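A quick write-up on the structure given underneath.
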Amino acid sequence: MKAATLFCLLTVSFLLKAQSFRLETDGIPVSIDNKTFQNPWNGGYNQLTIAMPDIDGDGDNDLFFVATPEGKLNWYRNDGEGSNGKFTLVDTNLSQINLGVNNNWISFEDIDFDNDFDLFIGSNDGRIKYFENTGSSQIPNFKLISNFFEDIDIGFTSSPTFADLDGDGLNDLIVGSYQEGYFWHKRRDSLSSTFEFIDTLRDQAGSIIKPGSIFYTSYLVDIDHDNDLDLFTGSSDPGISFYRNIGTKNAPVFLLEQQEFISTDNFLDFIHPVLVDIDKDNDYDLFFGSNFGAITYFKNNGTPTNPKMELEKIQIPLDYLDFGYYATPTLIDIDNDGDQDLLVSPDYGKLFYYFENTGTASSPFFTYRHDHFINDWINFGSYPTWADLDGDGDIDLIGGNSSREVYFYENSGTALVPKFIASLQIKDNMSSNVNAYRPQFADLDDDGDFDLYYVARNGDLPDVIRKYGNDGTARNYKFTSTNDTLKDDSGQLIGDYDMYFQFIDFDRDMDLDLMIGGAEGKVIYYENVGTKALPSFHLKGNNFIPVAGSGNDRAIPFLTDIDDDTDMDLFLGRFQGGLFFYRNLEFPIVSGVDHQDQAQFQLLQNHPNPFSNTTSINFYLSASTNAKIVIYDMAGRLIATPLNQKLSPGMHTLVLDDFNLQPGYYLYSLITSQGQSTKKMLLIKE
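Converting from the sequence shown to the working numbering requires adding 6 to each position, the first position being numbered 1.
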């Protein structure tokens, strides 16, 4: 009876699996400008639209945004007393509002006059959803009210904002459209919440206000403190425009004063401006979200009556990494201090972001250093890879671009102090420029030098992997174009649409396997079942690592053992501009090692250890046998038998979670017909 009672104290979920990756959005700490991010590996965002009400009534502007692909409402509370505010993540899915992958535009207004802000969201269908705040002025909770704006349908892409355009003390509704301009709906009274269409906003000449090409957004504020509302518009081109109100607060007349109010990057889209006095100096500062996945702040260094938006551009740190588009991660011990550093190249521009690992090989901590790792880094479509191409014992950097040019950045420094200098484009044996998209270097024929593999278009069919053979040496490469196209062990072409790929010894059997990132967010694994010199690639999983979220139209994989536990973890770059981190919970056996006493079976140390909620026990069996795992306390009392069944040969993982035990040391034993092994684990409080 006592033993049964002790067993009930342990509430455990058990899961056996051959290979397991876990998405950890906070799995490795990241610091930028002395701020440690809470959610760095969430994959990034696109089409980020913002609003900045004082949701908690504490006198400063908080921050909300919705972005694709998740379509969830994010809330950052302003806890700052400094000049730029200090935004603290409160919730990444407030009120469980899930809007999907459509473009969503948000605005706040106390429409029912109950002293809290309600939420309004426009989307691709041209309608507006109303979410009533059923919480309080300090703790919001939003509930969808159906058919509130059922008469408003502008056709496509509605972007709502509220402002008192006619000076009657009631905020009207202005709805931006895809390309038709801005629709003014007047609020009739404070009791019925009825809005009546008045007109499309027009300028002083009577022309419909359409400052750019598509995706019109707006924000109205008295920027010059003359007691009327001026108009700021957002669009895909030219970005943000400024219309001064030369009329009155009761009868506005909008004059286009600046077509391009501020200079923005020409690849920005979905620009959504908001103006608030963030630094409490009695003038309005400018914030905007965009397709870039970040929120940008321009400080107003003018006066209340003469605004001047200085190019003091600041990207507000929002606890996640986002580099714009197509973030390509690579990890390498660039400073030769025994741990791997992170370098990220986005698809656009000449930036190359460097994060030094200031932690250890087993407990990494990435600290942002700068974005000019390479001063003359290639432009659009950049794709970095690393190899010692000149055989001098240090790693060199090779970059490809969207024009299929491949540049060699020779390490003219040392392994300890690298210094990369761009040389000419890599040539082939005919002195022509190598023509290769997303190049990778690998010695698949085991002849001691690197061959060049690249993505090749294949008409309307999936991309394939082709090869430049190296007819030179490890010190003097000589690339020769071939017709070789990579095939699997059944003779089928290997590839996927718009793919990325990496050669990596994933199973640690001393030959190179192949990982592919596919066009739908898939990670595809081909195991090399051949040899180092004669590879044979066998498809092991067409969706080997299921990728979280929706809208996963790109996957850029980089696998490495980041936590020094002998298995390959995954860093996954995304079209959205961010990164996912998937920790590998498996512990593979290293091929070719004679384990002697462990030849029949092996019990590995649980991981993590110590642990608070969840830990994994990994063990290896050389043959089919009945396997039992038992757990004891340090007094030798049996606590539980979480596993007792016949298992096949190979590596197995037992996951233990939801512990209801006192913190302390416990013993776990693997018992088979081949022998017994016992190890100690430590349960700690969170």
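Each residue gets a CB set at the ideal place from its N, CA and C atoms; glycine is no exception. It should be emphasised that the depicted structure is a prediction, and the values quoted were computed from it without experimental measurement.
If we ignore side chains and look at the alpha-carbon of each, how far apart do residue i and residue j end up?
i, j, result
"residue 630", "residue 654", "4 Å"
"residue 387", "residue 408", "4 Å"
"residue 98", "residue 583", "18 Å"
"residue 602", "residue 608", "Its pLDDT being 30, under 50, residue 602 is placed unreliably in this model, and the value from its coordinates should be taken loosely. Their backbone Cα atoms lie some 10 Å apart in a straight line."
"residue 247", "residue 266", "5 Å"
"residue 366", "residue 331", "29 Å"
"residue 306", "residue 114", "23 Å"
"residue 95", "residue 74", "18 Å"
"residue 430", "residue 43", "39 Å"
"residue 508", "residue 533", "12 Å"
"residue 292", "residue 259", "22 Å"
"residue 585", "residue 570", "20 Å"
"residue 167", "residue 227", "11 Å"
"residue 142", "residue 69", "17 Å"
"residue 232", "residue 175", "17 Å"
"residue 594", "residue 514", "Here residue 594 scores only 41 on pLDDT, less than 50, and its place in the model should not be relied on; the value that follows carries that caveat. Roughly 8 Å separates the two Cα atoms."
"residue 189", "residue 158", "10 Å"
"residue 540", "residue 329", "39 Å"
"residue 576", "residue 49", "13 Å"
"residue 137", "residue 86", "28 Å"
"residue 447", "residue 426", "18 Å"
"residue 180", "residue 160", "11 Å"
"residue 614", "residue 517", "29 Å"
"residue 39", "residue 294", "21 Å"
"residue 35", "residue 92", "19 Å"
Sort out for me which residues DSSP pairs residue i with in a bridge.
i, result
"residue 410", "Answer is none; residue 410 lacks a bridge partner."
"residue 383", "Beta-bridge pairing links residue 383 to no other residue."
"residue 674", "637, 685"
"residue 651", "633"
"residue 491", "472"
"residue 611", "Paired residue(s): none; residue 611 is not in a bridge."
"residue 530", "522"
"residue 446", "459"
"residue 38", "41"
"residue 427", "416"
"residue 28", "589"
"residue 508", "521"
"residue 389", "406"
Taking the beta carbon of residue i as the centre, do at least 16 other beta carbons fall within 10 Å, making it buried, or is it exposed?
i, result
"residue 528", "buried"
"residue 150", "exposed"
"residue 552", "exposed"
"residue 592", "buried"
"residue 472", "buried"
"residue 351", "buried"
"residue 420", "exposed"
"residue 79", "buried"
"residue 574", "buried"
"residue 41", "exposed"
"residue 119", "exposed"
"residue 225", "buried"
"residue 360", "buried"
"residue 297", "buried"
"residue 461", "buried"
"residue 135", "buried"
"residue 65", "exposed"
"residue 207", "buried"
"residue 678", "buried"
"residue 589", "buried"
"residue 211", "exposed"
"residue 129", "buried"
"residue 489", "exposed"
"residue 1", "Summary: the structure shown does not reach residue 1, with the chain confined to residues 7 through 692, and so no result is reported for it."
"residue 405", "buried"
Between residue i and residue j, how many whole angstroms is the CB-CB distance? I'm expecting something under 8 Å.
i, j, result
"residue 219", "residue 242", "5 Å"
"residue 235", "residue 171", "7 Å"
"residue 336", "residue 357", "Not a contact, Cβ separation roughly 14 Å."
"residue 370", "residue 345", "6 Å"
"residue 81", "residue 278", "Not quite, the Cβ-Cβ distance comes to about 17 Å (not below 8 Å), so this is no contact."
"residue 442", "residue 474", "7 Å"
"residue 674", "residue 689", "About 11 Å separates the two Cβ atoms, so there is no contact after all."
"residue 519", "residue 512", "4 Å"
Taking only runs that begin and end inside the stretch 325 to 368, name each unbroken beta strand (DSSP E) of 3 or more residues, in chain order.
Counting whole runs of 3 or more residues, the stretch 325 to 368 contains the beta strand (DSSP E) stretches 334 to 338, 347 to 351, 359 to 363.
Every unbroken alpha helix (DSSP H) inside the stretch 189 to 263 [4 residues or more]
none
Starting from the N-terminal side, write out each stretch of the alpha helix (DSSP H) that is 4 residues or longer and does not extend beyond the stretch 80 to 166.
Unbroken alpha helix (DSSP H) stretches of 4 residues or longer found wholly inside the stretch 80 to 166: none.
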